[in-house]
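Here the protein sequences come in this chain order: A and B.
Heads up, the first sequence is in the UniProt record's numbering, so the first residue is 1 and it goes up one at a time.
Heads up, the second sequence is in the UniProt record's numbering, so the first residue is 1 and it goes up one at a time.
See structure below.
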Amino acid sequence: MIAAIRTRTVLVVGAGPAGLAAARAARERGASVILLDASDATGGQYWRHLPPSRPSANERALHHGWSTYRALHDELERDDGCEIVLGAQVWAIERTDASDVTDASGGADASAVTDASASTDAATVPAPVAVHVLVGPPDGTRRVGRTFRPDALVLATGAHDRTLPFPGWDLPGVFTAGAAQAFAKGERVALGGRVVVAGAGPFLLPVAASVAATGAKVLGVYEASRVAGLVRGWLPKPWQLIGAAKKGGELAGYVGSHLRHRIPYVTGRAVVAAHGADRVEAVTIAEVDADWAPIAGTERRVETDAVCVSHGFTPRLELPIAAGCELTPERFVRVDDGQRTSVAGVYAAGEITGIGGVDAALAEGEIAGHVAAGGSARDADLGAAVGARRTFAGFAARIEAAHGIRSGWTSWLDDDTLVCRCEEVPYGRLRDTREATCGSGLRSMKLTTRAGLGICQGRICGRTVEELLGAGPDVGGEDDAGHAASAGLETAAGGLFDRRSDAGGLLDRRATTDRRPIASPLRIGELAAAEDPTTSTTHTVRKGHP
Amino acid sequence: MVSDVVIVGAGIVGAACARALAVAGVRVTVLERGAAASGTSAKGEGNLLVSDKGPGPELDLAVYAASLWPDLVDELADELGPAFPSLEYERKGGLVVATTAAGAEPLRAFAASQRAAGVDARAIPNGTALELEPWLNPEITAAVHYPDDAQVQPVIATEALLASARNHGAAVRTGVEVTGAKRDASGRLIGLVTTAGDVPAGAVLLAAGPWSGETARALGAILPVRPRRGMVLVTTRMPHRVFHKVYDGDYFGATQSSDAALQTSSVVESTAAGTVLLGSSREQVGFDERLRVDVIREIATKALRLFPFLANASIMRAYGGFRPFMPDHLPVIGEDHRIAGLWHASGHEGAGIGLSLATAELLVAGMLGTAAPIDAAPFGLARASLAPYLEEAA
Chain A
1 MIAAIRTRTV LVVGAGPAGL AAARAARERG ASVILLDASD ATGGQYWRHL PPSRPSANER
61 ALHHGWSTYR ALHDELERDD GCEIVLGAQV WAIERTDASD VTDASGGADA SAVTDASAST
121 DAATVPAPVA VHVLVGPPDG TRRVGRTFRP DALVLATGAH DRTLPFPGWD LPGVFTAGAA
181 QAFAKGERVA LGGRVVVAGA GPFLLPVAAS VAATGAKVLG VYEASRVAGL VRGWLPKPWQ
241 LIGAAKKGGE LAGYVGSHLR HRIPYVTGRA VVAAHGADRV EAVTIAEVDA DWAPIAGTER
301 RVETDAVCVS HGFTPRLELP IAAGCELTPE RFVRVDDGQR TSVAGVYAAG EITGIGGVDA
361 ALAEGEIAGH VAAGGSARDA DLGAAVGARR TFAGFAARIE AAHGIRSGWT SWLDDDTLVC
421 RCEEVPYGRL RDTREATCGS GLRSMKLTTR AGLGICQGRI CGRTVEELLG AGPDVGGEDD
481 AGHAASAGLE TAAGGLFDRR SDAGGLLDRR ATTDRRPIAS PLRIGELAAA EDPTTSTTHT
541 VRKGHP
Chain B
1 MVSDVVIVGA GIVGAACARA LAVAGVRVTV LERGAAASGT SAKGEGNLLV SDKGPGPELD
61 LAVYAASLWP DLVDELADEL GPAFPSLEYE RKGGLVVATT AAGAEPLRAF AASQRAAGVD
121 ARAIPNGTAL ELEPWLNPEI TAAVHYPDDA QVQPVIATEA LLASARNHGA AVRTGVEVTG
181 AKRDASGRLI GLVTTAGDVP AGAVLLAAGP WSGETARALG AILPVRPRRG MVLVTTRMPH
241 RVFHKVYDGD YFGATQSSDA ALQTSSVVES TAAGTVLLGS SREQVGFDER LRVDVIREIA
301 TKALRLFPFL ANASIMRAYG GFRPFMPDHL PVIGEDHRIA GLWHASGHEG AGIGLSLATA
361 ELLVAGMLGT AAPIDAAPFG LARASLAPYL EEAA
């Protein structure tokens, strides 16, 4: 068999659930694996834990699926055919194939990327990419540059949590839920004495549980979606939840934790403002309608010293975009049944293909690793993973239907509310500049207002800016009540802009805020430094493997 | 005498022409297939330079353009009011240095030739250069100060010119692509076929930058403009330590060369936002917009030759654009001698931001039959230096 001539190298980016599962599956199929992660431990955001130097007996209780994580991690760490590189920041993916673009108009036309996966034998064509990595602590002394040209690349870069702006959200003491969870899980630091958790989505539950476990009093979890919406989202196919027994177990665990900590869970409420002089001292919680527009007269002030807010997740797309992967209209990486992207030899798994949670990520990762290593999605030993992926496939859609961002949130903004915190761009200026310029392009709007141009490069505010300008991703039509789900201001009360061409909508949608050719900041000295020639060639297997 | 003009392209050249023509009373429609300021104008540094041009017609155009910018900035600010973002115009001056022994004399000679052409090009002692730029590498071998070099935020400038054009009656239609020409029996261009229907035109001005070549083809004309890619790196915000536009002298070599291979030369400057821009590269790779690490690595390496302190600064963004490159290094400004009713304002390569205003004045004079502020003949499509490319292509 041809594949036996040479061991395939599979490079996996991201060591969260999807990446770990991909690495193990690729190893089981006989490939040589390099697993990269930017942090100093495997596990990703989901299984973030204390370092080995400060072990905790409590991880099992804090983490759903902890034994799954330990098994994956321990097996890969023992395995000489898998090189785990931590502190590895991929700062660029360079495409090495011939250009397929003869005419980049910068206009609204779709990318001309062709689907090579269907016609190409993945086992013979190396991924047309060079993956540029810096290894070492980002704030330490000079990091070491490495470049990988693997046979197959599995992208499992995950998602970061999305927080919508509200007046006062920039006060100290207001945390994104992801940051709050990182503190709670990684540092075991209590955020405050009286903590409010708010936003939308099932992620609020583990966040509240983690925060409570640090000893803080969680005053309540305020879910913006209303019960009717939650029922619509979760109930159309409730038997799928039963089939997804582990998911049900996860949620049951959080609910149990909430009962133990006596945390109220309230729907149809949102934190619409935070107040305080030097740090947050109180929040205003209001009832919101089905569109998330606050209902006048329902505002209630709650004294608090920490607020954790999350409204969902944004996939980390800069690396797939750099690799040339085609996206879906909802702006996730498009994959086929083998987790192949539109670029031959490049695979994607986990949240970048759809926000589906840990079980979907594990299944997709396993399939991606197996196929990247030369296997087929129809191989019998993938049966369980394919079945699991099917089981959880509807999960993302149900989360979006039940908890997806609704357009009414914009009515809680003040003119002074910062939309882009890095560059301190308030909502009023964004709106006024758009009106003054009749701005028709996202890139122009960013460059005239500076929104999204700061150090976070739009990771925090990008989607928000896009939606405020009517350029967000498509979000799958209307929900039952006839509301365009999660659309931008074009449907908001008092909507500013519409998206149609030749009528003031944004026309350069390829200029998405997700496009970041420099995927993470690097020092000019690091960029200028010649690479170590011993590491800048095609990766070779360090140790022989059967 | 032209009474109504359809301009193809809402970059800065199209925007400047739209405003100038609208102010002059011409009925103007701008058609843009993408978004305004979404092409070349959004992908450069915003250079208004006299320092990088040797004696000749382009330098004359640049000197004239430099004289137009201060008044225009004031006029736009008055007209558009405080709600409109500032154009960030700054006459910060350029400092060109040589970094090798061999590069010193050519730089001084180049500056002397510019002085003879009327440019304020001051050969200064190295110590004076280090007073102007205290963080500059002290190992420089020669320095020339150009007080007239200036900078503008090119996207805001483009949007401001379009806003002013609209105030003077122009229509700006984005998302409309030109697909063909309407001609009368004599062959004269009388309108455009577009994705939004036919648009009649007394005259058509093609100002689509590097995409002018393909648009000209759609209209039945050959225009030998090609894309030349340039990359710029952007640092995170930092304390203000670069005060001028600072160039390595071999920048001129890159801008004046026709070599298709990669060339980089160092250009370092601060922006009003607090970032530092590092440029730039020039390579002819068609419209391939993918990142090339060897290109940005070379830009970074050469920037450190000018400012060693930048080694610890962080790059957070890179952007690349396509400059409209003409084989004889001069823009095409004026009427097409082959097709009546077709006018051109293309091919400014990396200088279009600065030259846009002067280009617009030349076109207004040409279209309205008024006196041209400078000699327009060198920019005509019929010039001898372009003839081989028109023939070859035809």
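Every residue gets a Cβ at the ideal spot worked out from N, C-alpha and C, and that includes glycine.
Within 8 angstroms (strictly less), CB to CB, does residue i reach chain B?
i, result
"SER444/A", "yes"
"PHE497/A", "With a pLDDT of only 37 at PHE497/A, under 50, the local geometry of the prediction cannot be trusted, and no value is derived from it."
"ASP432/A", "yes"
"THR448/A", "yes"
"PRO521/A", "yes"
"HIS132/A", "yes"
"SER440/A", "yes"
"LEU527/A", "yes"
"ALA436/A", "yes"
"PRO517/A", "yes"
"VAL13/A", "no"
"ILE524/A", "yes"
Evaluate residue i with the Cβ neighbour count: other Cβ atoms within 10 Å of its Cβ, from every protein chain shown; 16 or more gives buried, anything less gives exposed.
i, result
"HIS337/B", "exposed"
"ASN312/B", "exposed"
"VAL266/A", "exposed"
"ILE295/A", "exposed"
"ASN167/B", "exposed"
"ALA384/B", "exposed"
"PRO119/B", "According to the sequence shown, residue 119/B is Val rather than Pro. Its Cβ being crowded by 16 or more others within 10 Å, VAL119/B is buried."
"MET367/B", "buried"
"GLU364/A", "buried"
"GLU223/A", "buried"
"ALA110/A", "Per-residue confidence for ALA110/A stands at a pLDDT of 36, beneath the threshold of 50, marking its modelled position as unreliable; no derived number is given."
"SER67/A", "exposed"
Nearest chain A C-beta to residue i closer than 8 angstroms, yes or no?
i, result
"ILE156/B", "yes"
"ILE12/B", "no"
"ILE7/B", "no"
"THR34/B", "According to the sequence as given, residue 34/B is Gly; it is not Thr. Yes, GLY34/B lies at the interface with chain A (some Cβ there is under 8 angstroms from its Cβ)."
"THR301/B", "yes"
"ARG188/B", "no"
"ARG297/B", "yes"
"ALA273/B", "yes"
"ARG292/B", "yes"
"THR359/B", "no"
"THR236/B", "yes"
"residue 398/B", "For residue 398/B there is no data in the structure shown, the boundaries of chain B being 1 and 394."
Spell out the partners DSSP gives residue i in its beta bridges.
i, result
"LEU11/A", "ILE34/A and LEU153/A"
"GLU58/B", "According to DSSP, GLU58/B bridges with nothing at all."
"HIS244/B", "In the DSSP output, where bridge partners are listed per residue, HIS244/B has none listed."
"ARG95/A", "VAL129/A"
"PHE313/A", "ASP161/A"
Residues of the region 311-330 of chain B in Cβ contact with chain A at a cutoff of 7 angstroms, in chain order, please. The residues in question are ALA311, ASN312, ALA313, SER314, ILE315, MET316, ARG317 and ALA318.
Going along the region 77-110 of chain B in order, which residues come within less than 9 angstroms of chain A, judged by CB to CB distance? Those would be LEU80, GLY81, ALA83, PHE84 and PRO85, in chain order.
Positions along the UniProt domain "FAD/NAD(P)-binding" (261-365) of chain A whose CB lies within less than 9 angstroms of some CB in chain B: Legend: CB atoms of the UniProt domain "FAD/NAD(P)-binding" (261-365) of chain A lying less than 9 angstroms from CB atoms of chain B belong to residues ALA322 and GLY324.
Can you confirm whether the region 414-434 of chain A touches the region 12-23 of chain B when touching is taken to mean that 3 or more C-beta pairs between the two stretches lie within less than 8 angstroms? These segments do not touch.
Is the region 161-170 of chain A close to the region 20-27 of chain A, with three or more CB pairs under 8 angstroms? Touching, no.
Within 8 angstroms, do at least three Cβ pairs link the region 309-319 of chain A to the region 395-412 of chain A? Segments in contact, yes.
What residues from the region 76-100 of chain A come within 7 angstroms of chain B, judged by C-beta to C-beta, listed N to C? For the region 76-100 of chain A, which is checked against every Cβ of chain B, the residues closer than 7 angstroms are ALA92, GLU94, ARG95 and SER99.
For the region 16-48 of chain B, which residues have a beta carbon sitting closer than 7 angstroms to at least one beta carbon of chain A? Taking 7 angstroms as the upper bound on Cβ-Cβ separation, chain A lies near residues ARG33, GLY34, ALA35, ALA36, ALA37, SER38, GLY39 and ALA42 of the region 16-48 of chain B.
Short-range partners of chain A found in the region 130-163 of chain B, where Cβ spacing is below 9 angstroms: Near chain A, meaning a CB-to-CB distance below 9 angstroms, the residues of the region 130-163 of chain B are GLN153, PRO154, VAL155, ILE156, THR158, GLU159, ALA160, LEU162 and ALA163.
Is the number of C-beta pairs between the region 289-298 of chain B and the region 234-245 of chain B that are closer than 8 angstroms three or more? Using a Cβ-Cβ distance cut-off of 8 angstroms, the region 289-298 of chain B and the region 234-245 of chain B are not in contact, since fewer than three pairs of beta carbons, one from each stretch, lie closer than that value.
For the region 168-200 of chain B, which residues have a beta carbon sitting closer than 8 angstroms to at least one beta carbon of chain A? Residues of the region 168-200 of chain B with a Cβ closer than 8 angstroms to any Cβ of chain A, in chain order: VAL172, ARG173, THR174, GLY175, VAL176, GLU177 and ALA196.
Using a Cβ distance threshold of 8 angstroms, determine whether the region 42-51 of chain B contacts the region 61-69 of chain B, with at least three qualifying pairs required. The region 42-51 of chain B vs the region 61-69 of chain B: in contact.
Between the region 196-227 of chain B and chain A, which residues of the former have CB atoms less than 8 angstroms from a CB of the latter, in chain order? Of all residues in the region 196-227 of chain B, ALA196, TRP211 and GLU214 have a Cβ within less than 8 angstroms of some Cβ in chain A.
For the region 448-465 of chain A, enumerate the residues whose C-beta is nearer than 8 angstroms to any C-beta of chain B, in chain order. From the region 448-465 of chain A, only THR448, THR449, ARG450, LEU453, GLY454, ILE455 and GLN457 have a Cβ closer than 8 angstroms to chain B.
Three or more beta-carbon pairs under 8 angstroms between the region 33-50 of chain A and the region 66-86 of chain A, yes or no? Yes, the region 33-50 of chain A touches the region 66-86 of chain A.
Taking contact to mean at least 3 C-beta pairs separated by less than 8 angstroms, is the region 273-285 of chain B in contact with the region 211-220 of chain B? Result no; under three Cβ-Cβ pairs closer than 8 angstroms.
For the region 21-41 of chain B and the region 167-177 of chain B, state whether three or more C-beta atom pairs, one from each stretch, are separated by less than 8 angstroms. In this structure the region 21-41 of chain B touches the region 167-177 of chain B; the number of beta carbon pairs closer than 8 angstroms is three or more.
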